[in-house]
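What follows is a set of notes on a single structure, which appears directly below.
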Amino acid sequence: MFTSQQTDCLVAALNSFHIELPSWGFANTGTRFGKFLQPAAATTTEEKFADAGEVHRLTGVCPTIALHVLWDLPNGPADVDSVQSLARRHGLRAGSINPNVFQDQIYKYGSLGNPDPAIRQQALDHILTSADIARALASRDLSLWFADGSNYPGTQNIRHRRRWFEDGLRETHARLGAGQRMLVEYKPFEPAFYHTDIADWGMALLFARAAGPNARVLVDTGHHYQAQNIEQIVAWLLDLDMLGGFHFNDRRYADDDLTMGSIDPYQVFRIFHEIAHFEWETGRRADVAYMIDQSHNLKGKIEAMIQTVTTAMELFAKAALVDHRKLAAAQENCALVDAETCLKDAFSTDVRPVIGEWAESKGLPADAMDAFRQSGYLERITANRAAKNAATVSSYA
Ligand code: RM4
Ligand code: MN
Ligand code: MN
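According to numbering that gives the first Met the number 0, the residues represented by the sequence shown are 0 to 396, in order.
Set out below in structure tokens:
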């Protein structure tokens with residue numbers, strides 16, 4: 000069914016593909032109305048590593064785990080050694096390090112954008128410590144998301160906050176070690192409902208440029224308004240050498256954190272296609288971190304993660320099938336139907352059998368979900384964790 004050239008493309012794409020798992024995707028999470036507790040959810044950092052390790056063992060493409068400092072290293076740098084040994088034990092490496100400057104009471108009116116200089120300093124100190132943690136864990140990316148903003152017109156000085164952010168991000172950049180990067184994530188709204196200090200990719204881009212040469216933009220696919228053309232943002236950032244990475248998830252309405260590709264798989268394909276086309280045209284590898292940022296409160300957490308990784312591999316492989324030479328010629332000649340067909344043909348190709356063969360050639364199960372269900376892992380952790388999870392308090396107010 001595939002030409003040998005297509006098979007080579009697919010294998011090369013799969014060999015190059017990695018996607019990072021979020022530690023928080025294995026723990027109990029919920030909506031603002033409450034948490035639905037799962038008996039198998041991870042209750043400790045160790046359990047998050049174990050679950051992520053299981054997903055990597057079955058899929059082979061998730062060697063790193065993103066960590067949230069406050070949730071996974073509550074004692075800060077003092078936890079580095081234990082995190083390192085957990086990583087070793089579970090066959091993983093520490094991935095992006097996420098400071099948390101949105102949860103503590105002091106951040107009610109913001110972190111780096113807070114009008115109170117003492118709170119801005121406290122936020123900066125936590126971010127700088129997180130940069131140190133990243134360096135100690137040999138983790139490349141410091142991943143920054145801020146909840147900062149305001150809820151009512153006129154209540155904050157938007158220009159002052161912008162400058163405070165620029166200063167804080169510059170100081171953060173100065174703390175990066177050799178080879179480290181900082182990624183600036185944007186989000187249009189929530190939790191702030193009137194203005195958000197880093198609301199879109201343009202603001203993130205300007206902040207990253209102001210911060211220094213190793214700052215890049217992080218695109219969380221759920222952080223856009225309805226109908227926004229995300230692949231265009233991706234193409235611009237690639238062209239400007241400012242695309243740092245992704246937080247993948249899908250959405251129907253806003254920041255829904257639904258399973259990647261569950262609502263609009265063609266959107267994810269188009270993103271991967273822009274990257275593949277850039278690489279074909281420039282002969283350069285796009286230095287982009289693929290990360291998952293999802294928390295499933297209804298689906299089983301490990302199953303949902305395996306489903307996500309499988310979907311990501313499929314869409315990435317489909318994008319590798321686009322005939323770039325043909326597409327470039329069609330674009331040049333404005334042969335619209337031919338150009339669009341290049342994408343459609345690749346998108347509608349069933350790559351699952353090739354992925355199964357590729358997996359087996361690496362000693363991995365052809366069907367990761369089936370292997371997980373056969374493994375008994377879920378039954379084991381359910382028995383071990385059910386009582387602990389039942390004891391968790393879950394309430395709206
Ligand atoms: C935000 C954002 C961040 C994530 C937090 C928990 O909506 O997506 O990346 O760290 O949620
Ligand atoms: Mn995110
Ligand atoms: Mn989000």
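For glycine and all other residues, C-beta sits at the position ideal for the given N, C-alpha and C. On a predicted model such as this, the values are computed, not experimentally measured, just so you know.
Residue i beta carbon near ligand 2 (any heavy atom closer than 8 angstroms)
i, result
"Gly243", "no"
"His222", "yes"
"His246", "yes"
"Trp144", "yes"
Any non-hydrogen atom of ligand 1 closer than 8 angstroms to residue i Cβ
i, result
"Asp147", "no"
"Trp23", "yes"
"Asn97", "yes"
"His159", "no"
"His125", "no"
"His89", "no"
"His295", "no"
"His67", "yes"
Span of the alpha helix (DSSP H), counted from its first residue to its last, around residue i
i, result
"His223", "Premise fails: His223 is in no alpha helix (DSSP H) and is neither H nor E."
"Ser84", "Val79 to Arg88"
"Leu127", "Pro116 to Ala135"
"His55", "Thr44 to Thr58"
"Ala65", "Ala65 -> not in any alpha helix (DSSP H); beta strand (DSSP E) instead, spanning Thr63 to His67."
"Gln373", "Ala367 to Ser374"
"Arg251", "Counting along the chain, Arg251 falls outside any alpha helix (DSSP H), and DSSP gives it neither H nor E."
"Tyr265", "Pro264 to Thr281"
Any non-hydrogen atom of ligand 3 closer than 8 angstroms to residue i Cβ
i, result
"Arg263", "Here residue 263 turns out to be Asp, not Arg, going by the sequence shown. No, since every heavy atom of ligand 3 falls outside the 8 angstroms radius drawn around the Cβ of Asp263."
"Asp292", "yes"
"Asp240", "no"
"Asp219", "yes"
"Lys186", "yes"
"Asp256", "yes"
For residue i: DSSP bridge partner residues
i, result
"Met181", "Leu141 and Ala214"
"Tyr289", "Phe245"
"Glu19", "Met290"
"Leu297", "BP columns for Leu297 are empty, so no partner."
"Thr30", "Gly33"
"Ala41", "Ala26"
"Asp219", "His246"
"Leu257", "Asp249"
Bounding residues of the beta strand (DSSP E) (the contiguous stretch that carries residue i)
i, result
"Asn435", "Residue numbering for the chain in the displayed model covers 0 to 396; residue 435 lies beyond these limits and cannot be assessed."
Identity of the residue in the options nearest residue i by Cα
i, options, result
"Ile301", "Gln5, Leu204, Thr58 and Ala122", "Thr58"
"Thr307", "Gly33, Asp322, Thr391 and Cys61", "Cys61"
"Leu205", "Arg174, Gln121, Gly243 and Glu165", "Glu165"
"Phe32", "Asn296, Ala39 and Ile354", "Asn296"
"Ala275", "Phe1, Met0 and Leu9", "Leu9"
"Glu19", "Asp344, Ser129 and Ser138", "Ser138"
"Gly167", "Thr281, Asp196, Asp7 and Gln373", "Asp196"
"Asp255", "Tyr106, Ile229, Gln231 and Ser294", "Ser294"
"Gly176", "Pro212, Pro152 and Ala319", "Pro212"
"Asp227", "Phe245, Ala209 and Trp200", "Looking at the sequence shown, residue 227 is not Asp but Gln. Nearest option by C-alpha distance: Trp200."
"Ala345", "Tyr224, Gly244 and Ala318", "Ala318"
"Gly299", "Ala328, Thr6, Leu13 and Ala41", "Ala41"
"Phe101", "Leu242, Arg88, Ala214 and Arg119", "Arg119"
9 angstroms Cβ cutoff, residue i in contact with chain C
i, result
"Asp238", "Of the protein chains in this structure there is only one, and it is not chain C."
_Segments assigned alpha helix (DSSP H), at least 4 residues, entirely inside the stretch 148–197_ = Look at the stretch 148–197 and you find these whole runs of alpha helix (DSSP H), each 4 residues long or longer: 157–174.
- alpha helix (DSSP H) runs contained entirely in the stretch 329–391, provided each spans 4 or more residues: Within the stretch 329–391, the complete alpha helix (DSSP H) runs of at least 4 residues are 335–346, 351–360, 367–374 and 376–389.
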